[in-house]
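Have a look at the structure below, then the notes.
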Amino acid sequence: MKQGLQLKMGQQLAMTPQLQQAIKLLQLSTLDLQQEIQNALDENPLLEQEDDSGLEDIKKEQDSSQIDTAEAISKLEFSDDLPVENNWDEAYTPPPTTTISSGRSSFDGEDRVYQGESCTTLQDHLVWQMQLTPFSDTDLLIAANIIDSIDESGYLTSSCESILESLQKDVDDLELDEILAVLKRIQHFDPVGVASRGTKECLQIQLRNLSEDTPWRQEALMILDQHMQLLASRDYRTLARKTKLKEAQLAHIMRLIQSLEPRPGNKIESSQAQYIVPDVYVKKIADQWCVSLNQDCDPNLSINQHYADLCKGKISKADNAFIKGHLQEAKWFIKSLESRNDTLLKVSKCIVEQQQDFFELGDEAMKPMVLNDVAFEVEMHESTISRVTTQKFMHTPRGIYELKFFFSSHVATESGGECSSTAIRALIKKLVASEPNNKPLSDNKMTKLLDDQGIKVARRTVAKYRESLGIPPSNQRKQLI
Numbered sequence: 003m004k005q006g007l008q009l010k011m012g013q014q015l016a017m018t019p020q021l022q023q024a025i026k027l028l029q030l031s032t033l034d035l036q037q038e039i040q041n042a043l044d045e046n047p048l049l050e051q052e053d054d055s056g057l058e059d060i061k062k063e064q065d066s067s068q069i070d071t072a073e074a075i076s077k078l079e080f081s082d083d084l085p086v087e088n089n090w091d092e093a094y095t096p097p098p099t100t101t102i103s104s105g106r107s108s109f110d111g112e113d114r115v116y117q118g119e120s121c122t123t124l125q126d127h128l129v130w131q132m133q134l135t136p137f138s139d140t141d142l143l144i145a146a147n148i149i150d151s152i153d154e155s156g157y158l159t160s161s162c163e164s165i166l167e168s169l170q171k172d173v174d175d176l177e178l179d180e181i182l183a184v185l186k187r188i189q190h191f192d193p194v195g196v197a198s199r200g201t202k203e204c205l206q207i208q209l210r211n212l213s214e215d216t217p218w219r220q221e222a223l224m225i226l227d228q229h230m231q232l233l234a235s236r237d238y239r240t241l242a243r244k245t246k247l248k249e250a251q252l253a254h255i256m257r258l259i260q261s262l263e264p265r266p267g268n269k270i271e272s273s274q275a276q277y278i279v280p281d282v283y284v285k286k287i288a289d290q291w292c293v294s295l296n297q298d299c300d301p302n303l304s305i306n307q308h309y310a311d312l313c314k315g316k317i318s319k320a321d322n323a324f325i326k327g328h329l330q331e332a333k334w335f336i337k338s339l340e341s342r343n344d345t346l347l348k349v350s351k352c353i354v355e356q357q358q359d360f361f362e363l364g365d366e367a368m369k370p371m372v373l374n375d376v377a378f379e380v381e382m383h384e385s386t387i388s389r390v391t392t393q394k395f396m397h398t399p400r401g402i403y404e405l406k407f408f409f410s411s412h413v414a415t416e417s418g419g420e421c422s423s424t425a426i427r428a429l430i431k432k433l434v435a436s437e438p439n440n441k442p443l444s445d446n447k448m449t450k451l452l453d454d455q456g457i458k459v460a461r462r463t464v465a466k467y468r469e470s471l472g473i474p475p476s477n478q479r480k481q482l483i
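In the working numbering, the protein residues as written are 3 to 483.
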């Protein structure tokens, strides 16, 4: 085999640093983009954010007004005959103060307001009550272990036997009855029913906590104790036959049971708020839908000319290389940011043009659209459209939507057209909202109703869309009230 040298020519796509930066900025959300811009401003001295000229004018006017006021005050001549206020209390009226009545509890369960104690989680709230309860040292240790075993919904995740086994190493002669006694006291903490070992026990505790003269209280306790399975499956016909109750009486009992809280931890546990900053705004101006970028996406960055001009002077080679390197990075960053904003605006305008019926009529008028449709219109690659629509939000008169919300698959209609899956979900939601409580629509019935509207969809597809909306099946939606 003879060895030799050959020269070949070819093309290869290389991910340059500026291309990598442009792709990175393209897929960032607005909050992440603001952080990235701030990091770039902190690290690159040649990159700066221009101040608003309007703010400078306002500042100049305020400075001039202060100077004029100072000059006017300096020209005033004060007379010794002017009256002087000797009693400051008479001239000054203190603002009204708000006092808390001593009879008011330090915790308001309905408004979730804590007075004097910062409790952010269910465990914090229970520990706070535990500290106010006269427990012995042993009971205090048991209560702390029980509270640690409570999940966010308010249910006890560990058995009393396992809690007993874990505490026997630290406490001598500890018995199961002591664990149960402390558990019973915690179950009557606020919210009532916390630390329950199941839904049945939770609802029973809340019912027993009501006044004895509460209407239908005893009947509700009897149903929970003897017919919990029928109640869970909403088999009201069998439930009425076995309890020998009339439908009207059963409706009152169900109304009482539904007033209870099956997840008591939801009253206290507050999830952290997630803030969404829209990337684009859509408004209807003069019968036309207009799209504009959020100003936070365009922070008006520029090159610091003072540092850039230092390259023209007599400086060392190291300083010259440092300035030129950061100058090139600043130019790349500004260009990548402009490219991101142009792409985002172009894609948003295309989405609004394609989905004008949605903005006019709502979800039911949503048209089927995929990423390739927008990529063809804006003459970009489908992967670019996927990046620019991920974690980007659009503020519309109907609410805030992620850009990917406007993309959906299609289902054929009887007339030969196409219907969006989002529109079908909206129709299913509308059908369920208008169904009778005592006879909810089954998936087969909804399939026939959609077919009457010209939408050809299978029953399993209706079931899939219904489950995606969080709507239970028809047997679980049946109600007597």
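Virtual Cβ for every residue (Gly too), placed ideally from N, Cα, C.
None of the values given here were measured: they were computed from a predicted structure.
Problem set entry | In DSSP terms, what Trp291 is bridged to | DSSP lists Lys286 as partners of Trp291.
For this session: Could you check what DSSP says for Val376 in three-state terms: helix, strand or coil?
Result: Val376: helix per DSSP, three-state reduction.
Exercise. Below 8 Å, can you find three or more Cβ-Cβ pairs linking the stretch 211 to 227 to the stretch 171 to 184?
Worked result: Segments in contact, no.
Problem set entry | Val413 versus Cys421, Gly200, Asp153, residue with shortest Cα-Cα distance | Ranking the options by Cα distance to Val413, first place goes to Cys421.
Problem set entry | Secondary structure of Gly401, DSSP reduced to three states | In the structure shown, Gly401 falls within a strand segment according to DSSP collapsed to helix, strand and coil.
For this session: Take Gly331 as the anchor and find which of Gln478, Gln20, Gly6, Asp44 has the nearest alpha-carbon.
Result: One detail in the question is off: residue 331 reads as Glu in this sequence, not Gly. Nearest C-alpha to Glu331: Gln20.
Exercise. Anyone know if the C-beta pair for Leu185 and Glu177 falls short of 9 Å?
Worked result: No, Cβ-Cβ distance for Leu185 and Glu177 is not below 9 Å.
Exercise. With a CB to CB cut of under 6 Å and the five nearest residues on each side skipped, what residues in its chain are close to Ser31?
Worked result: Excluding positions up to five away in sequence, the list reads Gln393.
Problem set entry | Minimum length 4: unbroken alpha helix (DSSP H) runs contained in the stretch 164 to 206 | Within the stretch 164 to 206, the complete alpha helix (DSSP H) runs of at least 4 residues are 178 to 188.
For this session: Spell out the partners DSSP gives Ser410 in its beta bridges.
Result: DSSP output for Ser410 lists Met371 as bridge partner(s).
Exercise. Residue ranges of each beta strand (DSSP E) run of no fewer than 3 residues wholly in the stretch 286 to 360, ordered along the chain?
Worked result: Runs found: 290 to 295, 303 to 305.
Exercise. Whole-angstrom Cβ separation of Val279 and Val293, contact assumed at under 8 Å?
Worked result: In this structure, Val279 and Val293 do not form a Cβ contact; the two beta carbons are roughly 16 Å apart against a cut-off of 8 Å.
Problem set entry | Local conformation of Glu45 per DSSP, three classes | In the three-state scheme derived from DSSP, where H, G and I count as helix and E and B as strand, Glu45 is classed as helix.
Exercise. Bridge partners of Glu50, per DSSP?
Worked result: In the DSSP output, where bridge partners are listed per residue, Glu50 has Ser304.
Exercise. What are the boundary residues of the alpha helix (DSSP H) that includes Glu469?
Worked result: The continuous alpha helix (DSSP H) containing Glu469 extends over residues 461 to 470.
Problem set entry | Sequence-distant residues of the same chain with beta carbon closer than 7 Å to Pro475, five excluded per side | Cβ neighbours of Pro475 beyond the five flanking positions: none.
For this session: Counting only the same chain and skipping the five closest in sequence on each side, list residues whose C-beta sits under 6 Å from that of Thr95.
Result: Unreliable placement is indicated for Thr95, whose pLDDT of 44 sits below 50; the coordinate value is still reported in the next sentence. Closer than 6 Å at Cβ, skipping near neighbours: no residue.
Exercise. For Lys2, which residues of its own chain have a beta-carbon under 7 Å away from its beta-carbon, when the five flanking residues on both sides are left out?
Worked result: Outside the shown range of the chain, which is 3 to 483, sits residue 2, and nothing can be said about it.
Exercise. Distance, Cα to Cα, Leu158 vs Leu232?
Worked result: Rounded to the nearest angstrom, the two C-alpha atoms are 24 Å apart.
For this session: Go to Glu1, then tell me how far its beta strand (DSSP E) extends in each direction, as first and last residue.
Result: Summary: the structure shown does not reach residue 1, with the chain confined to residues 3 through 483, and so no result is reported for it.
Exercise. Under 9 Å, do Gln251 and Trp218 count as touching if we go by C-beta distance?
Worked result: Yes, these two residues count as a Cβ contact at 9 Å.
For this session: Can you check DSSP and say which residues form a bridge with Cys421?
Result: Partner(s): Val413.
Problem set entry | Straight-line Cα distance separating Leu262 from Ser198 | Spanning the alpha carbons of Ser198 and Leu262 requires a straight line of approximately 14 Å.
Exercise. Going by DSSP, what residues sit across from Leu209 in a beta bridge?
Worked result: Answer by DSSP bridge pairing: none, since Leu209 is not bridged.
Exercise. Using the C-alpha atoms, what's the distance from Gln40 back to Leu142?
Worked result: The straight-line gap from Cα to Cα measures roughly 49 Å.
Problem set entry | Closest by C-alpha distance to Val372, when choosing among Ser161, Glu404, Phe409 | Closest by alpha carbon: Phe409.
For this session: Determine the DSSP secondary structure at Ile255, reduced to helix, strand or coil.
Result: Residue state, collapsed to three classes: helix.
For this session: Can you tell me which of the three DSSP states Tyr157 falls into?
Result: In this structure, Tyr157 counts as strand in the three-state DSSP scheme.
Problem set entry | First through last residue of the alpha helix (DSSP H) which encompasses Lys450 | Taken as a continuous stretch (DSSP letters only), the alpha helix (DSSP H) holding Lys450 covers 445 to 454.
Problem set entry | Assumed close pair Leu48, Ile305 - CB separation to whole angstroms, cut-off 8 Å | Taking a contact as a CB-CB distance under 8 Å, the pair Leu48 and Ile305 counts as one, their CB atoms being some 6 Å apart.
For this session: Report, in whole angstroms, the separation of the C-beta atoms of Leu33 and Leu27, which I expect to be a contact under 8 Å.
Result: With a Cβ gap of about 13 Å, Leu33 and Leu27 do not count as contacting.
For this session: Please determine, among Asp453, Arg265, Ile152, the residue with the shortest C-alpha to C-alpha distance to Lys202.
Result: Considering only alpha carbons, the answer is Arg265.
Exercise. Of the choices Leu363, Asp215, Gly195, Leu329, whose alpha-carbon is the least far from that of Lys269?
Worked result: Cα-wise, what sits closest to Lys269 is Gly195.
Exercise. Who are the Cβ neighbours of Cys162 in its own chain at under 8 Å, not counting the five residues just before and after it?
Worked result: Excluding sequence neighbours, Cys162 sits near Leu178, Ile181, Leu182, Leu185.
Problem set entry | Residue nearest to Lys337 in terms of C-alpha spacing, selected from Glu437, Leu7, Ile25, Leu295 | The shortest Cα separation from Lys337 among Glu437, Leu7, Ile25, Leu295 belongs to Ile25.
For this session: Output the distance between the C-alpha atoms of Glu50 and His127, rounded to the nearest integer angstrom.
Result: The alpha-carbon atoms of Glu50 and His127 are separated by roughly 47 Å.
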